[in-house]
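For reference, the structure discussed in these notes is given below.
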Amino acid sequence: MTITKQLHTPPRTIMTPGPVEADPRVLRALGTPILGQFDPAFTHIMNETMEMLRELFQTKNKWAFPVDGTSRAGIEAVLASVVEPGDKVFVPIFGRFGYLLTEIAERYGADVHNIECEWGEVFDPETVIHEIKKVNPKIVAMVHGETSTGRMQRLKEIGAACRNQDVLFIVDAVATIGGTDVKVDEWNIDALIAGTQKCLSVPSGMAPITYNDRIEKIIMERKKVEKGIATKADAQTVRLRPNIISNYFDLSQLQDYWSERRLNHHTEATSMLYALREGLRVILEEGLEERFARHRLHEKALVAGIKAMGLSLFGDEHSKVPTVTCVLIPPGIDGETVRSTLLKQFGIEIASSFGPMHGKIWRIGTMGYSCRKDNVLFTLAGLEAVLIRNGASVNAGAALQAALEVYEEEVALSSL
Ligand SMILES: *Cc1c(COP(=O)(O)O)cnc(C)c1O
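Take 55 as the starting number for the sequence shown in this note's numbering and just add one per residue.
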């Protein structure tokens with residue numbers, strides 16, 4: 055048998071909506087020696103990570119910790135722990151990930167009510183609020199930034215309405231956290247799910263979540279039954295409140311592990327926690343406001359370049375998410391040929407799209423460490439060259455000039 059060669063990955067510029075390039079500091083942290091999961095040196099790292107997550111989430115919640123698994127593990131942990139069979143869950147859908155929330159809630163027995171808007175648009179908060187009053191659900195679950203359509207939903211008014219009506223508000227902010235403003239407490243979000251491989255610039259494999267005492271109360275009630283300590287008076291409740299079905303995603307057990315009690319559940323993903331901790335340090339050192347401004351700047355340069363080239367963007371421009379730019383594939387051009395040539399000749403990766411958008415748009419991410427001037431300029435240059443090679447009519451040379459204009463304006467403004 056010949057032994058497979060040592061791992062060597064080709065150099066890449068990753069401009070997709072995830073996974074994006076990991077910050078070099080994060081990659082170095084991944085090589086840190088292993089500690090035991092109850093070693094005080096390690097539990098200290100767990101606590102530090104929780105503290106930094108609270109800052110990132112802009113929350114005073116007690117619970118903010120990562121679930122081991124990709125982002126959907128975080129979504130599943132929250133829904134598995136909160137949704138009881140027969141619960142009414144309202145999911146307004148404006149892209150692919152609304153369907154994921156629906157599917158997971160249904161798997162845990164929810165009676166899901168959906169409304170859907172045209173892909174490329176978002177909801178007027180009033181429409182959602184009106185529907186909440188009509189449906190009177192226990193939970194509203196919603197996506198903040200839809201990577202499939204490049205849209206961002208306004209949440210503040212919906213959160214306030216949920217709190218007023220005593221409805222739980224659960225938000226998937228996987229594509230926006232660390233790239234644009236997400237205010238957990240101010241927007242009355244009861245539980246929020248993030249991911250590592252998008253704007254946090256950490257590899258895929260953890261889902262940081264946070265939830266408040268309204269969510270914890272439900273979890274604790276379900277746990278009481280599970281432990282078999284329900285009182286006689288609770289007998290009715292025992293039947294009405296079955297145990298949390300999942301072991302891996304049982305937040306009552308996960309929070310015991312993340313509390314000072316350190317009750318054993320799983321073995322924490324040591325190296326990923328080091329990576330997350332470093333990713334959070336990078337973010338807080340940069341500053342949340344500064345980081346969001348950086349994402350807006352590179353988005354602006356990218357969009358200016360795309361438009362100057364003569365291409366059009368997909369979707370309603372007022373609800374565009376700053377971290378994903380959806381570009382309409384010009385008529386007569388095969389989107390997949392362009393993508394594969396970009397990868398082969400330039401080592402640049404941009405994303406295709408799902409469902410109704412398939413073959414119609416490319417999606418270009420500007421997330422985390424990948425969201426940089428050199429990446430934006432290189433992507434515009436590569437895309438223009440490949441389009442010309444494929445016979446598209448583009449305004450040759452205009453894209454880079456337009457992007458440079460944005461960067462020079464920024465320098466001029468910041469030196470005022
Ligand atoms: C990427 C993404 C997910 C799923 O993330 P995985 O890490 O692949 O599980 C969920 N929701 C949104 C909005 C996303 O962009």
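Idealized CB from N, CA, C, for every residue including glycine.
Any chance the CB of residue i is under 6 Å from a heavy atom of ligand 1?
{"i": "T124", "result": "yes"}
{"i": "F151", "result": "yes"}
{"i": "A229", "result": "yes"}
{"i": "V197", "result": "yes"}
{"i": "T201", "result": "yes"}
{"i": "G233", "result": "no"}
{"i": "G409", "result": "no"}
{"i": "D220", "result": "no"}
{"i": "D388", "result": "no"}
{"i": "G364", "result": "no"}
{"i": "G72", "result": "yes"}
{"i": "D178", "result": "no"}
{"i": "G128", "result": "no"}
{"i": "D226", "result": "yes"}
{"i": "G369", "result": "no"}
{"i": "G249", "result": "yes"}
Within its chain, find whatever has a CB closer than 6 Å to the CB of residue i; leave out the 5 residues flanking it on each side and keep chain order.
{"i": "V182", "result": "P146 and I212"}
{"i": "L89", "result": "A95 and F96"}
{"i": "C425", "result": "H349 and H352"}
{"i": "D244", "result": "L222, F223, N266, R268 and I269"}
{"i": "P179", "result": "R208, E211 and I212"}
{"i": "E322", "result": "Q91"}
{"i": "Y328", "result": "A83 and T86"}
{"i": "A127", "result": "V121 and A261"}
{"i": "A453", "result": "G359, A362, M363, L434 and E438"}
Taking all protein chains shown into account, do 16 or more other C-beta atoms lie within 10 angstroms of the C-beta of residue i, making it buried, or fewer, making it exposed?
{"i": "I473", "result": "Residue coverage of the chain in this structure runs from 55 to 470, which leaves residue 473 outside it and unanswerable."}
{"i": "D226", "result": "buried"}
{"i": "N242", "result": "buried"}
{"i": "I57", "result": "exposed"}
{"i": "G249", "result": "buried"}
{"i": "D388", "result": "exposed"}
{"i": "Q251", "result": "buried"}
{"i": "A289", "result": "Because A289 carries a pLDDT of 49, less than 50, the predicted location of this residue cannot be relied on, and the following value inherits that uncertainty. It is exposed - the Cβ of A289 has fewer than 16 other Cβ atoms within 10 Å."}
{"i": "E390", "result": "exposed"}
{"i": "V465", "result": "exposed"}
{"i": "N190", "result": "exposed"}
{"i": "A457", "result": "buried"}
{"i": "E314", "result": "exposed"}
{"i": "P385", "result": "exposed"}
{"i": "M106", "result": "buried"}
{"i": "D220", "result": "exposed"}
{"i": "N115", "result": "buried"}
Considering only residues of the same chain and omitting the five flanking positions on each side of residue i, which have a CB-CB separation below 7 Å?
{"i": "A76", "result": "S255, V256, P257 and Y423"}
{"i": "N429", "result": "T67 and M69"}
{"i": "Q207", "result": "F148, V176, F177, M196, V197 and H198"}
{"i": "G140", "result": "G163 and D165"}
{"i": "G401", "result": "P64, P65, R66 and T67"}
{"i": "V448", "result": "M363, G364, E438, L441 and I442"}
{"i": "E332", "result": "R79, V80 and A83"}
In the structure shown, what three-state DSSP assignment does residue i receive?
{"i": "H320", "result": "coil"}
{"i": "E175", "result": "strand"}
{"i": "Q290", "result": "Its pLDDT being 48, under 50, Q290 is placed unreliably by the model, and the measurement read from it follows with that caveat. DSSP places Q290 in helix when its eight states are reduced to three."}
{"i": "G419", "result": "strand"}
{"i": "M55", "result": "coil"}
{"i": "F432", "result": "helix"}
{"i": "K142", "result": "strand"}
{"i": "L365", "result": "coil"}
{"i": "W241", "result": "coil"}
{"i": "E170", "result": "strand"}
{"i": "E102", "result": "helix"}
{"i": "M206", "result": "strand"}
{"i": "L254", "result": "coil"}
{"i": "I402", "result": "strand"}
{"i": "E314", "result": "coil"}
{"i": "M196", "result": "strand"}
{"i": "T473", "result": "The structure shown has nothing for residue 473, since the chain only spans 55 to 470."}
{"i": "R295", "result": "Residue confidence is low: R295 scores 48 on pLDDT, short of 50, so the model does not pin down where it sits. No coordinate-derived value is stated."}
{"i": "K114", "result": "coil"}
Got a sec? Which residues, its chain only, sit under 8 Å from residue i by beta carbon, not counting five neighbours each side?
{"i": "L317", "result": "Q307, D310 and Y311"}
{"i": "V357", "result": "L367 and T379"}
{"i": "E371", "result": "none"}
{"i": "E160", "result": "V166"}
Closer than 6 Å: is that where the CB of residue i sits relative to any heavy atom of ligand 2?
{"i": "D165", "result": "For ligand 2, the structure offers nothing, since it holds only ligand 1."}
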